[in-house]
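If you read the protein sequences in the order shown, they are chains A and B. Residue 605 in our numbering sits at position 605 of the first sequence, with consecutive numbering throughout. Each position in the second sequence, counted from 1, maps to that position plus 665 in our numbering. Each residue gets a CB set at the ideal place from its N, CA and C atoms; glycine is no exception. Values in this document were obtained by computation on a predicted structure and should not be read as measured data.
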Amino acid sequence: MLPSLSTVLLAATLLLFAGGPRTVSEPPSAAPNAQAPEAASSILNSPFSTRVVAYAIDAKLNTTSHSIDATETLVYKNLTGQPQQAFPFHLYMNAFQPQSTLMTEVRMSGARGVGADSGWNEKNHGSITVTKLEVEGAGDLTDKMQFIQPDDHNTNDRTVFQVTLPKPVAPGASVEFHMTFHDQLPEVLYRTGYKRDFYMIGQWFPKVGVWWKNAWNCHQFHADSEFFADFGTFDVNLTVPQTEILGAGGDLISSANNSDGTKSAKFHSEDVHDFSWTASPDYTIVEDTWTGSAGPVKLHVLMSPGHMKSAPRYAQALKGTLAWYDKNIGPYPYDRVTVVDPPHGAFNAGGMEYPTLITAGTTWYMPTGVLAPEDVVNHEFGHQYWYGMVATNEFEDAWLDEGINSYVEAKSMAALYGENASIINFPFATASEAQLLRIEYISMPDTDPITRFSWNFISDNAYGGVTYGKTGTVLLTLEKVVGEDTMLAALHEYFLRYRFKHPTGEDFLKTIEDVSHQDLKWYFDQAVYGTNILDYDIWEAHSDRLKWWEKEISRKKTTDEIYRTYVIVHRKGDFIFPVDVVVKFEDGTTAAEHWDGRDRWVRYTYDRKTKVASAQIDPGNKVRLDRNFFNNSYIVQEDNRATHKLENMWVFASEWISQFLAWVS
Amino acid sequence: MPSAVRPKTFISGAGLVWRWQRILWWIFIVNLVLAHFAIRGLVDRVSPALAHSSASERLVNGYDLTAVMELAVQPDSPLETPGPVVFHYSVVFAVFMIFSTGGTLATYVFDTKPSTTAFFEACGHHFWRFVRLLGYMALAFIPMGILIAICSAIHHSIDDKSNSPYPAAYFSGASSLLILLLLMVLRLWFDMAQVIAVADDETRMHRALRRAASLLKHNFGSLFWLYLRISLLAWIFCGLGLYLWMYQLSPWSITTAFLLTQLMLIFWIATRLWQRASEALWYRQYQAVMVPEPAYPRSPAPAPVPYSTAMN
């Protein structure tokens, strides 16, 4: 769709119709940008994607019962190359029931802010009921709907259904489904639902599976999985009370008040694979504009009460991230992006990505030294590329969206907010995004390979640690092998090759090899497909008099003394990685070594008129996959400053605990 | 309480602490030594990992939180949680404070230089009384606990229902302040009971508490203002110290940081003793004012005796 003057005018018109006490506009989005320069024209020749689906949904929100009644028409174009008779559909909203696979997994090991062994709260009940299903030319097939459980055979899970048509749809032909469905929304849980009068509506309509790798790919909704869908168009008509302020992942086409106190707003979106929306009478909309290589992008930030102090932080982070992506990865082709700030108590709706709409998260007291609002916007916007446009299978290859996005997040946050303080930045304490990723990884380093299906990890912690932390760290370490610029060039190439497609892990790895002109199988086998731990340490570094049998007192001149220095580098883990070693001597001279790391250890020997001062593996700490940086070096001269610093803090804390106990006793 | 004695109490209390500052130093040293023992094991474990590693620079040239996390998540982590050990040593310190309070209050009440023996005799003399008082305090904490639970429930209810986070935050701030003030009143009440126990050699703690409650009831303004003023000074000083530590000191100023944090602690202990001394002084002056002059001629004053004897 073209970005149009009419769109702008419609948005302006909305000012007249938007209910509630504030004068705001409802943010349309997801239109290709008409003002894109020639450089970006290659992706602006509409359509961007191969449009497989066309959804038309007419939905009415009931704010009393927190439910949605809707009709849906789906035109599915059979581009599978073979006749198709059985079609699977996601019914994600049915996961919010105690016996669903998702809740069973949450109960087992927790996920997304919900602790394991947490109790069931009836407020969190959600459901989606398809009351009628008709297929054009085949009549009413409601009775033919059948719940299936392709992943775990949990017959209580009703998040996927399948319908078999009376006759197959020929290759190249289209089939039209008509459905009537009812959503009962949960109190916000797992990204979706309501909280007081706030609504975040995601994964709310029957969504057809994806024909991928020559089979239907339509997984159940799991605790640790996200989504996968085909590109297409969305025409959505939302009817809500007039007091509601709407935000959606689509262009606002029209809006009109109805006589019953509601209003209907029509949205259109294309070359996206999902449609989400939000409503609240309490939003304050902050608008801004950023111009990149594909033209201007309108930024809409929907702020919840009490959070306005974070609005400039969101906007600044969004603009900085847009600029970073535009420069390093590729142009952002849509003309709009909406940031939804969930209100307090609705944190579970935050930190989520949908095409052209992301949800953030902050608090009324967020200190400026905690860059959480910036980080969440940076991360979720990154998903516009790694999920939104490069639409990988989040069920099976979560590392391709979350992991790559985490890597880019570490790079862009460092560029925007500083290398060592990109997430915590106080004068008295700092933390960087890259290091936090590494901590995530080393807390669960060897339970699961990166490529494991997202719901098959040993635990929720392992899913997070490996998918986000390890993948990000693997890619940061890869910079050491191919170079930082090559890594960014590879990502840029990967984006260009696979935007608006469904690439696989192999596609990604092959792109890196293509761009770097290196065979990286040795690395990918260990880092991506394996679980070996990378850990090198300095086993020993010491100097001894070469003529040790001579008494020291008999030496003529001290300066003539020759010392033999031994440095042993040890590979503690099974991960083999070539490393650099730098040995420093007391006279300031150094010796640089490069070890392929294949053997279990290597000894370096030096005869010099000076003693060893230190030995250091990987001096720049570029091999971030190394589990323990503290054993990567040995400095002969003891330095207890760090110990004393920690000791001071611990003594102080201990003293105050004592004081408190004494006060209450 | 005659107003004439009020202003003196605040300043004179500080004078008492200054005059008998040996108490302050001993409490500080015991606190420091116990804290040192509490974290000794932790330091011994972490030192080998840091002392010869260039990675420890991340803690010297600033304070990289991820460096501490990295130590914590290692399979053979040197950073085992010191919580239980610290708690045990804190309990030892709390017991020491209960023990030493008898001697401390006797020093302040009688304002005479005690011998070491006399001091510890007073400590021992009052120890079990104060242990019993601790039992009463535990009972007094029950309604406080209920109040805290009620406030927490109300906070959650407001937070859940209100579209703005501020009402719940304001309520939380106000209720926390209220609870803090009530805890201070509770502390003041038990402080006064301890003063009465020492000054009047009161053996029955329930009676000491009753008398303290009566005193507090009739002199709440002067007593609480006395206590609060000193608390405010303590908080301001410690807040300033924390600010200097976190925002002004360079990351390399390890010795200065140690001195600053210990100075904060000394001041904190001093202000607590200041409260004790002021309460003792207040009670002494209160007794002097409230005891009527005898109608008959006074007999000559007896020769001074050590207060340890007087308390027997």
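Check the Cα spacing between residue 597 of chain A and each of A:568, A:60, A:327: the tightest is with A:568. According to DSSP, residue pairing for residue 593 of chain A in a beta bridge involves A:581.
Around the C-beta of residue 356 of chain A, 16 or more other C-beta atoms lie within 10 Å, and the residue is accordingly described as buried.
Among the residues facing chain B, residue 652 of chain A is included, as its CB has a counterpart in that chain under 8 angstroms away. Residue 195 of chain A and residue 346 of chain A do touch by the CB rule: their CB atoms are close to 4 angstroms apart, below 8 angstroms. Residue pairing by DSSP places residue 248 of chain A opposite A:277 in a beta bridge.
Proximity of the region 87-104 of chain A to the region 207-218 of chain A meets the contact definition, three or more beta-carbon pairs being nearer than 8 angstroms. In the three-state scheme derived from DSSP, where H, G and I count as helix and E and B as strand, residue 188 of chain A is classed as coil. Using a 10 angstroms sphere on the CB of residue 727 of chain B, the tally of other CB atoms reaches 16 or more, which defines it as buried. For residue 261 of chain A, the closest C-alpha among the options A:253, A:243, A:664, A:277 is that of A:243. Judged by their CB atoms, residue 61 of chain A and residue 199 of chain A are nearer to each other than the 8 angstroms cut-off. Within the same chain, and ignoring the five residues on either side of residue 468 of chain A in sequence, the residues whose Cβ sits closer than 8 angstroms to its Cβ are 402, 403, 406, 437, 440. Look at residue 343 of chain A: its C-beta is under 8 angstroms from a C-beta on chain B. Of the candidates A:98, A:55, A:63, A:55 places its Cα closest to the Cα of residue 77 of chain A. By the Cβ neighbour-count rule, residue 117 of chain A is exposed, with fewer than 16 other Cβ atoms within 10 Å of its own.
In the structure shown, residue 147 of chain A adopts extended strand secondary structure according to DSSP, grouped into three states.
Contacts between residue 638 of chain A and chain B, judged by CB atoms closer than 8 angstroms, involve 716, 717 in chain order.
Look at residue 921 of chain B: its C-beta is not under 8 angstroms from any C-beta on chain A.
When the five nearest sequence neighbours on each side are left out, the beta carbons in the same chain lying within less than 7 angstroms of the beta carbon of residue 546 of chain A are those of 562, 563, 564, 607, in order along the chain. Non-local C-beta neighbours of residue 106 of chain A in its own chain, meaning closer than 6 angstroms and more than five positions away in sequence, comprise 114, 223, ordered along the chain. If you draw a 10 Å sphere on the C-beta of residue 885 of chain B, you find fewer than 16 other C-beta atoms in it, and that means exposed.
Secondary structure of residue 366 of chain A (DSSP, three-state): coil. Nearest CB-CB separation between residue 856 of chain B and chain A: not below the 8 angstroms threshold. The three-state secondary structure of residue 291 of chain A, taken from DSSP, is strand. Here residue 658 of chain A is buried. Its C-beta has 16 or more other C-beta atoms within 10 Å. When the five nearest sequence neighbours on each side are left out, the beta carbons in the same chain lying within less than 6 angstroms of the beta carbon of residue 49 of chain A are those of 231, 271, 500, in order along the chain. For residue 687 of chain B, no Cβ of chain A is located within less than 8 angstroms of the residue's own Cβ.
A check of alpha carbon separations from residue 773 of chain B across B:954, B:901, B:947 identifies B:947 as the nearest.
By the criterion of a C-beta distance shorter than 7 angstroms, residue 836 of chain B is surrounded in its chain by 819, 820, 823, once the five residues flanking it on both sides are discounted. Ranked by how close their Cα comes to the Cα of residue 394 of chain A, the residues A:645, A:229, A:365 have A:229 in first place. Residue 473 of chain A is positioned such that its CB atom lies closer than 8 angstroms to that of residue 625 of chain A.
Not a single C-beta of chain A is nearer than 8 angstroms to the C-beta of residue 694 of chain B.
Closer than 8 angstroms to the CB of residue 852 of chain B there is at least one CB belonging to chain A. With contacts defined by Cβ atoms closer than 8 angstroms, residue 534 of chain A and residue 627 of chain A form a contacting pair.
Under the criterion of beta carbons closer than 8 angstroms, residue 188 of chain A and residue 348 of chain A qualify as touching, at roughly 5 angstroms.
Interface residue (Cβ-Cβ distance to chain A less than 8 angstroms): residue 843 of chain B is not classified as such.
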